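The structure appears below as structure tokens.
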Amino acid sequence: MQKQNPEERIKNFSEVALGLNEEEAAAEAKRCLVCKNPSCVKGCPVEIDIPSFIKLISDKKFKEAILKVKEKNNLPAVCGRVCPQEDQCELNCVLSKKGRPINIGSLERFAADWELAHSSELIAHRENLQPMTNELRAKVAIIGSGPSGLTCAADLAKMGYNVTLFESLHKAGGVLVYGIPEFRLPKSVVEFEVEYIKSLGVELKLNFLIGQTMTMEDLKKDGYKACFIATGAGLPYFLGIEGESLNGVYSANEFLTRINLMKGYKFPGHDTPVNVGKNVAVVGAGNVAMDCARCAKRLGAKNVFIVYRRTEQEMPARKEEIENAKEEGIIFKLLTNPTKIFGENGWIKKMECVKNELGDPDESGRRRPVRIKGSEYIMDIDTVISAIGQGPNPLLLGRVQGLKINKYGNIIVDEKGMTSVDGVFAGGDIVTGAATVILAMGAGKRAAREIDTYLRNDK
Ligand code: FAD
Ligand code: SF4
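Numbering-wise, the sequence shown is residues 945 to 1403 according to the working numbering.
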């Protein structure tokens, strides 16, 4: 897939990957063997009929192709851009043994973008919507409008339920709108997919914090018969080192929310300034860290460092994103850990780091970083961004009577996705801890099926 060239793209926030054109998509699709027993589908958490939609693309039946994808996936333009296909469907593709699996993610994105380009009328919805067969029409509340909540809401609406989706922020999408930057996932794409879900009949209530604006008891009194909690993992972890409260030290959540949700990258056209200075250190090496580093570069920082305590092999970010970051001149300081931040007049000036070596594997199976004595050194730094992970926001959890959570604060669910409270289901990052878009969507899909069964039995 063509990309913007690195020298150009570090000066803008436009999308980096440019997508396939019709000829390129059809040519890639023709390589597919249309296997009778397709192993790729086993790698897809939302069970898309991959060979069928690829065959439709190779026959240039693009409208039919997107309809086929949307039978199972309510957010194809999002998934085609951010899902780790290399670890899922593409890894399972029979052709991966020969080193060149079908580029399933790019084809999914192509089909979704074709719909975006060819219809402001949501054709896939209008022509494909099931008749409302469910005479129950019970009210179901979904809390949180990230990929998990959106998927559950869409599937329940397709079954005929009366779904309300509550979101505490002023925009729907969860991490898709406040976390992942415009150059990886344009917000117009997320809006298009949210509009599709609304067009299925889902009522969206924004600026609505469940636990505060309304409690779970209020929802019950209001006639909601079941509920799906999909509140994600939005609480940042901090480094826990001296100097962390200085000005110029951000959590990744705050940094990315300012830039993406509050449109800081368009300052002064929008009101949220984000000043990064010359030298920026991003601590961590997941997708979140890569996003922060690449945003900082685009905001004008001269030197942007990824500071990571292990080696490249252990980095949790997608390979593609690590490559993009390298192409954009991000500097990787590996086997390095920050130990102290120094300031002047309340603002960060320097950061002390130590060098590590790898020891024996820890409980995660990865080799443990071990500090090398006497290896301390100082870096001149204007901004530090902590991207070492996120946990569940405890705000709602503490207010639901009888809700069981584990030692990390994640909701405990049974094999059906139901929590310890009858009729209350949960899924996505709030259950698994910070994971991926497609796993959150898979949990939303499963929950919709189980809520349907629960409500039918309840009747
Ligand atoms: P979220 O997306 O977190 O959505 C939860 C929503 O619930 C939020 O909108 C929140 O405001 C709302 N909420 C919380 N509490 C309440 C309440 N009490 N009342 C009402 N609403 C509430 N995954 C990938 O697969 N590929 C990637 O490239 C990728 N990149 C990422 C980059 C970043 C910067 C981040 C942070 C994550 C990334 N991820 C990526 C992970 C992925 O985005 C998450 O796993 C996924 O969004 C989880 O979905 P979710 O629906 O569980 O929660
Ligand atoms: Fe096509 Fe690969 Fe799936 Fe076979 S496994 S149907 S070749 S994408």
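Glycine residues also receive a C-beta, built at the ideal position from the N, C-alpha and C atoms. Predicted model, so just to flag it, every value in this text is computed and none were measured.
- Minimum Cα-Cα distance from K1014 among the listed residues K1005, V978, D993, Q1032 corresponds to D993.
- Of all alpha-carbon atoms in L977, T1175, I954, the one lying nearest the alpha-carbon of L1339 is that of T1175.
- Annotation: the continuous alpha helix (DSSP H) that includes C984 extends over 983 to 986.
- Listed in chain order, the alpha helix (DSSP H) runs fully inside the region 1304 to 1381 are 1338 to 1341, 1373 to 1376, counting runs of at least 4 residues.
- Contact annotation, R953 with V1026: C-beta distance approximately 17 angstroms; criterion of less than 8 angstroms not satisfied.
- At a threshold of 6 angstroms, S1319 does not count as near the ligand SF4, since its beta carbon sits no closer than that to any of the ligand's heavy atoms.
- The beta carbon of F1199 is closer than 6 angstroms to those of C1236, I1329 in its chain, skipping five residues each way along the sequence.
- For L1039, the shortest separation between its Cβ and any heavy atom of the ligand SF4 lies below 6 angstroms.
- The count of Cβ pairs closer than 8 angstroms, one atom from the region 1103 to 1116 and one from the region 1150 to 1164, reaches three, so the stretches are in contact.
- The continuous alpha helix (DSSP H) containing P1020 extends over residues 1020 to 1026.
- Proximity of the beta carbon of F1110 to the ligand FAD is indicated: a heavy atom of the ligand is located closer than 6 angstroms.
- The three-state secondary structure of I992, taken from DSSP, is coil.
- The C-beta distance from A1261 to N1231 rounds to 5 angstroms, short enough to fall under 8 angstroms.
- The Cβ atoms of K1284 and I1185 lie closer than 7 angstroms to each other.
- Out of R1254, I1048, I1086, the CA that lies nearest to the CA of I1316 is found in R1254.
- DSSP places I1266 in the uninterrupted alpha helix (DSSP H) bounded by 1263 to 1271.
- Where A1101 is concerned, the enclosing alpha helix (DSSP H) starts and stops at 1091 to 1103.
- Distances between the C-beta of P1020 and the heavy atoms of the ligand SF4 are all 6 angstroms or more.
- Looking at the DSSP output, P1180 shares a beta bridge with Q1334.
- L1200: member of the alpha helix (DSSP H) spanning 1196 to 1203, first to last residue.
- The C-beta of D1003 has fewer than 16 other C-beta atoms within 10 Å across all chains shown, which makes the residue exposed.
- Distance check between Y1398 and each of V1368, I1382, G1377 places V1368 closest, using alpha-carbon atoms only.
- Under the three-state reduction of DSSP, P1260 is assigned to coil, being neither helix nor strand.
- With respect to C984, N949 sits apart: the two C-beta atoms are not nearer than 7 angstroms.
- Among the bridge pairs identified by DSSP, I1173 is matched with I1087, A1370.
- Non-local C-beta neighbours of P995 in its own chain, meaning closer than 7 angstroms and more than five positions away in sequence, comprise C976, V978, C979, P982, ordered along the chain.
- Looking from the CA of P1091, the closest CA among M1385, E972, I1203 belongs to M1385.
- Excluding sequence positions up to five before and after K1263, its CB lies within less than 8 angstroms of the CB of E1030, all in the same chain and listed in chain order.
- The residues P1180, S1330, in chain order, have a CB closer than 6 angstroms to that of S1195 in the same chain once the five nearest residues on each side in sequence are set aside.
- Taking every protein chain shown into account, the CB of N1047 has 16 or more other CB atoms within 10 angstroms, so this residue is buried.
- Listed as beta-bridge partners of W1291 by DSSP are N1191, E1288.
- M1158 and P1336 have their alpha carbons spaced roughly 19 angstroms apart.
- Apart from the 5 residues on each side of it in sequence, F1211 sits with its Cβ closer than 8 angstroms to the Cβ of P1217, V1218 in its chain, given in chain order.
- When DSSP states are grouped into helix, strand and coil, F1127 belongs to the coil group.
- Within 10 angstroms of the beta-carbon of F1182 lie fewer than 16 other beta-carbons, which makes it exposed.
- Contact between I1322 and K1277 is ruled out by a C-beta separation of about 13 angstroms, above the 8 angstroms threshold.
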